[in-house]
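So the sequence shown is numbered by the UniProt record's numbering: it starts at 76 and just counts up by one.
No residue lacks a Cβ here, since even glycine has one placed at the ideal position from N, Cα and C.
Model, not experiment: these values are computed from the prediction.
Okay, structure first, notes after.
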Amino acid sequence: FERPDGEPFRQRLLVVANRLPVSAIRRGEESWSLEISAGGLVSALLGVKEFEARWIGWAGVNVPDEAGQKALTKALAEKRCIPVFLDEEIVHQYYNGYCNNILWPLFHYIGLPQEDRLATTRSFQSQFAAYKKANQMFADVVNEHYEEGDVVWCHDYHLMFLPKCLKEYNSKMKVGWFLHTPFPSSEIHRTLPSRSELLRAVLAADLVGFHTYDYARHFVSACTRILGLEGTPEGVEDQGRLTRVAAFPIGIDSDRFIRALELPQVQEHIKELKERFSGRKVMLGVDRLDMIKGIPQKILAFEKFLEENAYWRDKVVLLQIAVPTRTDVPEYQKLTSQVHEIVGRINGRFGSLTAVPIHHLDRSLDFHALCALYAVTDVALVTSLRDGMNLVSYEFVACQESKKGVLVLSEFAGAAQSLGAGALLVNPWNITEVASSIGQALNMSADEREKRHQHNFDHVIQHTAQEWAETFVSELNDTVVEAEQRIRE
Ligand code: ADQ
76 FERPDGEPFR
86 QRLLVVANRL
96 PVSAIRRGEE
106 SWSLEISAGG
116 LVSALLGVKE
126 FEARWIGWAG
136 VNVPDEAGQK
146 ALTKALAEKR
156 CIPVFLDEEI
166 VHQYYNGYCN
176 NILWPLFHYI
186 GLPQEDRLAT
196 TRSFQSQFAA
206 YKKANQMFAD
216 VVNEHYEEGD
226 VVWCHDYHLM
236 FLPKCLKEYN
246 SKMKVGWFLH
256 TPFPSSEIHR
266 TLPSRSELLR
276 AVLAADLVGF
286 HTYDYARHFV
296 SACTRILGLE
306 GTPEGVEDQG
316 RLTRVAAFPI
326 GIDSDRFIRA
336 LELPQVQEHI
346 KELKERFSGR
356 KVMLGVDRLD
366 MIKGIPQKIL
376 AFEKFLEENA
386 YWRDKVVLLQ
396 IAVPTRTDVP
406 EYQKLTSQVH
416 EIVGRINGRF
426 GSLTAVPIHH
436 LDRSLDFHAL
446 CALYAVTDVA
456 LVTSLRDGMN
466 LVSYEFVACQ
476 ESKKGVLVLS
486 EFAGAAQSLG
496 AGALLVNPWN
506 ITEVASSIGQ
516 ALNMSADERE
526 KRHQHNFDHV
536 IQHTAQEWAE
546 TFVSELNDTV
556 VEAEQRIRE
């Protein structure tokens, strides 16, 4: 592989994440078709021009037979992807169990559902064992493909054990780990039975990154309080070895969104939407259907707003696009029916024969439709109960150069740290406050909207996904050089 300008790459970057950025569909015994999923991480790493990136991760399918595995490995190699094969039992215990049933809710300050608590406590040990086993399987694949001088970048809460496994293979490997979710207060992390083992495993990395300074601080506090280690301004020190800990706020590929708005098919979408909702202000929510996103709370706040503002009832519409995730988990099924029930009730209450106040879609939108929606929106509602960063808020801002709409943003999303000055910040649990911010957003003067938008827009175009990835990788290189210097001194 070569750089587009024909120059050699400076370094190889092995990106390790639970899921590969492609979905694999089996077409025959030895035939696969691959679909690239253009997530934020993919575009971030496409922008890292100095490094030749390879992906290592699970392809999201169970491939029990050797012939199938071989064929899939070959097909993925063309996309610079290397698969880790996990069987159904491991996926059940590691991914559905430890990752999504234990770490995900805990890191977002959401307790387990009452009826699951005891069951989870009982299955904890076996799930943690599967988690460690899965992480070791990722490490085996990384080690097999590692070449001296490579940088290894591990991603997210699925792979907290990976830095330790990798350093056990090779203490000289340059290893960075980045968390996409919040890292909770040490008081929350303390409740995890495997609290110390997990922290120690992460500390094996050379560089540990978070979206915000607060998450980094929580992590350092957990290491000092739970492990009794020393926190320094650079990170955490253990017997003279420093693990550097810092904040690296992610961004988006803002150009991709801005350019998309010029495309004829997006313009066509925009025209249709404008006609469809003419005479009404458009409010928008775009979320994965997940309990952390605060969708029921958002809809209840909108109901309160309609209740208290009769004038607006036929002049505003809320479009809530919620792509279902983890659909086999009962908690997520309950959330879906809860949202449907609330939407039905509010539409019954405030709708008319010709219009309803809420359009709720349980599905994913393609990129162009999403850009058009962002562009016609007057007020975006991002009311996550907790969110590592929240890229939807960035995407909305990138598409608002002509409209200069208002962002109502949860103070519990990492994005509140970067877009807080331009957005209307709210506590999503306080529906009275959210309802009143909706009113403030809808009534805001053009001057104020412009000022707030400009602040956020400048941030979004300056702090891109590419810059995020480049900063992390060069910081990781520097950290290792500094550590080697310290040892020599
Ligand atoms: P997510 O929880 O997935 O990411 P977010 O950052 O908002 O949350 O990213 C979601 C992405 O999915 C966005 O690019 C959005 O456009 C897309 N999306 C969501 N709903 C969609 C729909 N209905 N149709 C089409 N696209 C949709 C995790 C963390 C975040 C963190 C990111 C990146 O939970 O806090 O910001 O990783 O680190």
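{"Asked": "Cα-Cα separation between V481 and L500, rounded to whole angstroms", "Found": "11 Å"}
{"Asked": "Among V159, S261, A321, nearest to T299 - alpha-carbon criterion", "Found": "S261"}
{"Asked": "Entirely enclosed beta strand (DSSP E) segments - the segment 281-317, minimum 3 residues", "Found": "282-285, 310-313"}
{"Asked": "F76 versus I301: straight-line alpha-carbon distance, rounded", "Found": "Any reading at F76 must be qualified, since the residue scores a pLDDT of 45, below 50, and its modelled position is unreliable; the value itself is stated next. C-alpha separation (whole angstroms): 45 Å."}
{"Asked": "DSSP beta-bridge partners of E110", "Found": "S98"}
{"Asked": "Local conformation of E127 per DSSP, three classes", "Found": "strand"}
{"Asked": "Inter-residue Cα distance where the pair is V548 and G224", "Found": "13 Å"}
{"Asked": "D462 beta carbon near the ligand ADQ (any heavy atom closer than 6 Å)", "Found": "yes"}
{"Asked": "Short Cβ contact (7 Å threshold) for V283 with T256", "Found": "no"}
{"Asked": "Secondary structure of V556, DSSP reduced to three states", "Found": "helix"}
{"Asked": "Three-state secondary structure assigned by DSSP to Q515", "Found": "helix"}
{"Asked": "Secondary structure of P158, DSSP reduced to three states", "Found": "strand"}
{"Asked": "C-alpha distance - A447 paired with D403, whole-angstrom precision", "Found": "31 Å"}
{"Asked": "Residues near H344 by beta carbon distance below 7 Å, same chain, minus five either side", "Found": "H443, A444, A447"}
{"Asked": "Any alpha helix (DSSP H) of 4 or more consecutive residues that is wholly inside the segment 244-273", "Found": "261-264"}
{"Asked": "Three CB pairs or more closer than 8 Å across the segment 206-225 and the segment 83-92", "Found": "yes"}
{"Asked": "I433 - partner residues in DSSP beta bridges", "Found": "L393"}
{"Asked": "Terminal residues of the beta strand (DSSP E) in which L484 lies", "Found": "481-485"}
{"Asked": "Whole-angstrom C-beta distance between F323 and W543, which should lie under 8 Å", "Found": "6 Å"}
{"Asked": "Residue interval of the beta strand (DSSP E) (run including W179)", "Found": "Premise fails: W179 lies in the alpha helix (DSSP H), 179-182, not in any beta strand (DSSP E)."}
{"Asked": "Exposure label - Q408; buried when at least 16 CB within 10 Å", "Found": "exposed"}
{"Asked": "Simplified DSSP state of F76, which is helix, strand or coil", "Found": "Reliability fails at F76, whose pLDDT of 45 lies under 50, so the model's placement of it is uncertain and no value is given."}
{"Asked": "Extent of the continuous alpha helix (DSSP H) to which A150 belongs", "Found": "141-152"}
{"Asked": "The segment 363-376 in contact with the segment 415-423 per 3-pair CB rule at 8 Å", "Found": "yes"}
{"Asked": "Within 7 Å, strictly: CB atoms of L359 and L394", "Found": "yes"}
{"Asked": "Coarse secondary structure for H230, derived from DSSP in three states", "Found": "strand"}
{"Asked": "For C474, the nearest candidate out of V451, L517, A491, A490 (CA to CA)", "Found": "V451"}
{"Asked": "8 Å contact criterion, which A142 and W107 should meet: CB distance rounded", "Found": "Not a contact, Cβ separation roughly 11 Å."}
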